[in-house]
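Student: After the structure tokens below, expect a handful of questions from me.
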Amino acid sequence: MPSDLIHEYMRIDHLPHIWCAGCGNGTIMRDVAVALDELITDPEFALTRDQVVIVSGIGCSSRAAGYMDFNSIHTTHGRAIAFATGIKLANPRLEVIVLTGDGDASAIGGNHLIHAARRNIGLTVICFDNLIYGMTGGQYSPVTPHGDKATTAPYGNVDRPFDVAKLAEGAGASYTARGDIYHVRETIDIIKQGIKHKGFSLIDVYSTCPTYYGRKNKKGEAVDMLKWQKENLIPVSKYYTLSEQAKEGKLVIGPLHHSNYPEYSAEYAKIIEACKEAKKGK
Ligand SMILES: Cc1ncc(C[n+]2csc(CCOP(=O)(O)OP(=O)(O)O)c2C)c(N)n1
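This note's numbering puts the first residue of the sequence shown at 1456, with every later residue one more than the last.
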């Protein structure tokens, strides 16, 4: 991150951070800061810093909410979306951004995720997807690929993984996208689109956890994991030009799904108005 952005948007007194060398979380946090900076300095969007609320749960990734100098709240494991829902309904003018891990969002917080998506409430949820529980030492999560190893799956994970973006789309999210830590510009752009989008946005960003996921699964050093992303996560503009054979084993990144279903807090405001009118009539 350019040093002026660090001084502008980071709580320097909360550093040093807890992340291991080679962890992708810092890159995603930087992408969020750049996306917010570009929206704050865009006169057309006119986002103010006071409007931004960053909410997180518990996990390595969730620490980002504490490092970023916005209105922020570091909540309990799996409950970030529940807190964020309350904040958005209390003041729909706020841009409420949830920073969450794949375990926080799709295991203990899975029910909150699907119901926030179903309601299409105007939150932007950014899932730092490192394919594992980082903070607690490498247990498998609902996105750990089948057959991969974890401290709780020493002979290989027998579960089938969620695709978090598809899960959110299936539940009703009106904007979904996938990014990673290699394709920085593409990832900043989808974060911006997610924030600009009025309904529920889910952005699944592939991170790297060389310490637990990488080491257990012989993925090499952090740089090898980044190289894997470069070669296997393909921007949408290129992905659809590939032959079926070339697409095998590759994942598409960029915007995945977009619809204009009504946003929940705006619909709720109409009910409040209808109640007021009904009371007046009594
Ligand atoms: C109610 C509750 N259950 C379990 C925990 C322990 N715990 C803390 S973080 C975490 C998993 C974190 O994994 P993830 O959400 O994927 O984030 P990461 O650390 O990988 O960024 C767990 C199980 C807790 N703090 N609270």
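Note that the Cβ used here is the ideal one computed from N, Cα and C, for glycine as well. What you are looking at is a predicted structure, and each value in this text was computed from that prediction instead of being measured.
Our contact map puts residue 1553 next to residue 1536 with C-beta atoms below 8 Å; I'd like the distance itself, whole angstroms only.
Tutor: 6 Å
Student: In three-state DSSP terms, what is residue 1597?
Tutor: In this structure, residue 1597 counts as coil in the three-state DSSP scheme.
Student: Is the Cβ-Cβ distance between residue 1636 and residue 1684 less than 8 Å?
Tutor: yes
Student: Under 7 Å Cβ to Cβ from residue 1529, same chain only, skipping five residues before and after it: list those, please.
Tutor: 1511, 1517, 1520 and 1521
Student: Which first and last residues belong to the beta strand (DSSP E) in which residue 1582 is found?
Tutor: Taken as a continuous stretch (DSSP letters only), the beta strand (DSSP E) holding residue 1582 covers 1578 to 1584.
Student: Under a Cβ-count criterion, where at least 16 other Cβ atoms within 10 Å of its own Cβ denotes burial, should residue 1696 be classed as buried or exposed?
Tutor: exposed
Student: Candidates 1543, 1479 and 1491: which alpha carbon is nearest residue 1719's?
Tutor: For the residues 1543, 1479 and 1491, the minimum Cα distance to residue 1719 belongs to 1543.
Student: Distance, Cα to Cα, residue 1567 vs residue 1461?
Tutor: Going by the C-alpha atoms only, they are around 32 Å apart.
Student: Do residue 1558 and residue 1514 have their CB atoms nearer than 8 Å?
Tutor: Cβ distance < 8 Å, so residue 1558 and residue 1514 count as in contact.
Student: Does residue 1492 pass the burial test, meaning 16 or more other C-beta atoms within 10 Å, or should it be called exposed?
Tutor: Residue 1492 comes out buried.
Student: Using the DSSP secondary-structure output, state which residues sit across from residue 1555 in a beta bridge.
Tutor: Beta-bridge partners assigned by DSSP to residue 1555: 1582.
Student: I need the straight-line Cα distance from residue 1603 to residue 1612, nearest angstrom please.
Tutor: 5 Å
Student: Count the CB pairs spanning the stretch 1646 to 1659 and the stretch 1579 to 1599 that are closer than 8 Å, and state whether there are at least three.
Tutor: Touching, per the Cβ criterion.
Student: Going by DSSP, what residue range makes up the beta strand (DSSP E) through residue 1526?
Tutor: 1526 to 1529
Student: Does the Cβ of residue 1478 have 16 or more other Cβ atoms within 10 Å, making it buried, or fewer, making it exposed?
Tutor: buried
Student: Can you find at least 3 beta carbon pairs, one from the stretch 1623 to 1634 and one from the stretch 1652 to 1660, that sit closer than 8 Å?
Tutor: yes
Student: If you draw a straight line from the alpha carbon of residue 1687 to that of residue 1725, how long is it in whole angstroms?
Tutor: About 45 Å.
Student: Identify which residue in 1708, 1590, 1705 and 1677 has its Cα closest to the Cα of residue 1473.
Tutor: Answer by Cα proximity: 1590.
Student: Using three-state DSSP, classify residue 1562 as helix, strand or coil.
Tutor: coil
Student: Quick check on this structure: which residue in 1458, 1573, 1702 and 1701 has the alpha carbon closest to the alpha carbon of residue 1627?
Tutor: 1573
Student: In terms of alpha-carbon separation, which member of 1729, 1630 and 1676 lies closest to residue 1717?
Tutor: 1630
Student: Using a Cβ-Cβ cut-off of 7 Å (strictly less than) and excluding sequence neighbours within five positions of residue 1549, which residues of its own chain qualify?
Tutor: 1506, 1508, 1542 and 1543
Student: Look at residue 1666 and residue 1475 and say whether their C-beta atoms are less than 8 Å apart.
Tutor: yes
Student: Just to check, is the beta-carbon of residue 1585 closer than 7 Å to a non-hydrogen atom of ligand 1?
Tutor: In this structure, residue 1585 has its CB closer than 7 Å to one or more heavy atoms of ligand 1.
Student: Using a threshold of 8 Å, state whether the C-beta atoms of residue 1668 and residue 1592 are closer than that.
Tutor: no
Student: By DSSP, does residue 1632 sit in helix, in strand, or in coil?
Tutor: The answer is strand: DSSP assigns residue 1632 an E or B state.
Student: Between residue 1629 and ligand 1, is the CB less than 7 Å from at least one heavy atom?
Tutor: Residue 1629: no, Cβ never under 7 Å from ligand 1.
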